[in-house]
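The sequence shown begins at 229 in the working numbering and counts up one residue at a time. Glycine included, each C-beta is placed from N, C-alpha and C at the ideal position. The structure appears right after this line, and notes come after that.
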Amino acid sequence: MRILLAPDSYKDSLSASEAAAALAKGVMRAAPQAEIDECPMGDGGEGTLDALLTATLAEQRIAIVNDALGRACKARWGWDPESQTAFIELAEACGLQRLSTEERTALYSSSYGFGELIKIALDHGAKRLVLLLGGSATNDAGAGMLQALGVQLVNNEGTSLSAGGINLSDLKQIGWDKLDTRLHEVIIEAILDVDNPLVGKQGASAVFGPQKGATPEEVERLDKAFCHFADVVSDNLGHDYRDIAGVGAAGGLGFSAVAFLKAKLCPGIERVMSHVGFEDRLSNADLVITGEGRLDIQSLSGKTPIGIARQAKQVGVPAVVIAGHLGAGWEKAYEEGVTSAFSLADGPITLNDATSRCGELLTTQAESITRLFIKRK
Ligand SMILES: Nc1ncnc2c1ncn2[C@@H]1O[C@H](COP(=O)(O)OP(=O)(O)OP(=O)(O)O)[C@@H](O)[C@H]1O
Ligand SMILES: O=C(O)[C@H](O)CO
């Protein structure tokens with residue numbers, strides 16, 4: 229019996245590799261003879277770099293860059309010397325996980341550090357950049373990244389915009405002449421963890437601003453600032469990118485990735501599955517277990533468990549989801565190929581307990597599921 233373990237990370241609890249290891253422990257308890265394939269996954273957001281470093285030949289590199297608040301931090305990136313490909317995860321430098329709840333600011337956080345990582349990869353001789361977009365603390369539509377790469381974003385007074393998406397409302401002019409020209413010579417792929425547009429009810433600020441600290445009034449101001457940015461960009465480029473699916477990823481950075489860097493936008497989980505050779509691994513499996521912190525209606529817009537379930541359905545492999553918790557609308561997951569879904573809690577439990585006991589609870593659930601599965605086989 230072969231069991232494929234392909235969880236995403238459990239935000240605030242475990243990385244995808246740790247989750248896969250916890251699941252493996254449970255499967256082993258129930259079926260020591262089982263062949264286990266640990267395949268940590270990511271959908272573009274935080275932890276995707278880990279998944280790619282585990283599954284590919286890429287080597288880990290470390291750089292000191294700015295975090296979302298402009299403080300020096302150590303960020304990892306991946307380098308595959310053979311294909312001269314750099315894997316750069318936005319959340320490594322500017323991720324939400326780096327900030328405490330009190331520190332989160334959707335108005336003033338910046339993606340500058342991510343732009344610095346891109347520059348470092350170019351200095352390294354990268355011919356191909358794989359940008360992993362999601363899990364950000366930023367909501368600046370990539371303005372900080374652009375500035376780090378030499379784009380001048382200038383206000384009415386002729387000075388450079390300060391950090392933060394809210395300052396895009398003062399944008400008057402875009403200066404392209406100092407944009408790092410090496411960007412024209414590399415292939416850029418942007419892996420997106422969601423398919424939201426830049427603005428509007430489903431846009432970056434409305435949907436992901438609140439988790440970065442935005443109040444409803446700030447969401448409105450940020451949305452307006454992004455509309456203005458999109459207007460100025462379309463005046464300059466003659467093309468409006470704001471409604472393309474996924475440009476709202478990573479606080480709207482997807483927008484700048486496509487408009488300025490000409491990145492090819494790729495739906496996260498599908499692209500990650502292809503990088504880790506998921507199809508082959510799934511075709512050898514009798515069961516796949518996946519999971520994330522919360523399975524809910526949003527999971528349907530391209531999150532790991534649903535991407536996996538869709539593929540598992542196609543090849544007739546049962547797909548079980550173990551989620552930290554099951555949020556509103558999770559039942560829709562059945563329509564996407566999820567065979568059954570479980571929440572981790574083993575009784576009334578606080579979020580704190582749930583996250584600190586995540587590994588232990590995953591092991592227990594994986595054991596129960598495997599026991600049932602062997603019985604049925
Ligand atoms: N073990 C757990 N038990 C209960 N809740 C958890 C657990 N682990 C994580 N969560 C919560 O689930 C929520 C979503 O986590 P998830 O790992 O699904 O992140 P995500 O895919 O980036 O989701 P989103 O973009 O919706 O925040 C987080 O608020 C997290 O605190
Ligand atoms: O980073 C973010 O804003 C969310 O993960 C959606 O991409």
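- G437 is positioned such that its CB atom lies no closer than 8 Å to that of K239.
- For A376, the enclosing alpha helix (DSSP H) has its first and last residue at 371-376.
- Between ligand 1 and the CB of Q325, the shortest heavy atom gap is not smaller than 7 Å.
- Assignment of W305 by DSSP, reduced to helix, strand and coil, places it in the strand class.
- DSSP, reduced to helix, strand and coil, places I577 outside both helices and strands of the structure shown, so it counts as coil.
- Note on geometry: alpha-carbon atoms of A458 and G343 lie some 20 Å from one another.
- Judged by beta-carbon spacing, L396 lies within the 8 Å limit of A453, meaning their Cβ atoms are closer than that value.
- Boundaries of the beta strand (DSSP E) harbouring N383: 380-383, taken from the DSSP string.
- The C-beta of A556 has fewer than 16 other C-beta atoms within 10 Å across all chains shown, which makes the residue exposed.
- Collapsing the DSSP output to three states places G323 in a strand.
- Taking I348 as the centre and dropping the five residues before and after it, the same chain places the C-beta of A291 closer than 6 Å to its C-beta, in chain order.
- With respect to the C-alpha of L465, the residue from L523, L426, W404, A473 having the closest C-alpha is W404.
- Residue side-chain check: T583 places its Cβ nearer than 7 Å to a non-hydrogen atom of ligand 1.
- For V460, no beta strand (DSSP E) run applies; the uninterrupted alpha helix (DSSP H) run containing it begins and ends at 444-465, by DSSP.
- Around S527, the same chain offers E520, P533, I534, W558, A561 as residues with beta carbons nearer than 8 Å, after the five sequence neighbours per side are excluded.
- When DSSP reads this structure, F342 sits in no beta bridge, so it has no partner.
- Between ligand 1 and G474, a heavy atom-to-CB distance of less than 7 Å is absent.
- Judged by DSSP secondary structure, E498 falls outside any beta strand (DSSP E) and instead within the alpha helix (DSSP H) spanning 496-503.
- When DSSP states are grouped into helix, strand and coil, K490 belongs to the coil group.
- Of the residues S237, R230, M229, the one whose Cα lies closest to the Cα of I550 is S237.
- Taking the C-beta atoms as reference points, C494 is found no nearer than 8 Å to L426.
- Assignment of L360 by DSSP, reduced to helix, strand and coil, places it in the strand class.
- With contact defined as three or more Cβ pairs closer than 8 Å, the stretch 386-396 and the stretch 494-507 are not in contact.
- Residue burial annotation: R499 is buried, with at least 16 other C-beta atoms found within 10 angstroms of its C-beta.
- Using a C-beta cut-off of 8 Å, the stretch 305-312 makes no contact with the stretch 326-333, since fewer than three inter-stretch Cβ pairs fall below that distance.
- Between ligand 1 and the CB of H467, the shortest heavy atom gap is not smaller than 7 Å.
- Taking 8 Å as the cut-off, the beta carbon of T518 is found closer than this to the beta carbon of A547.
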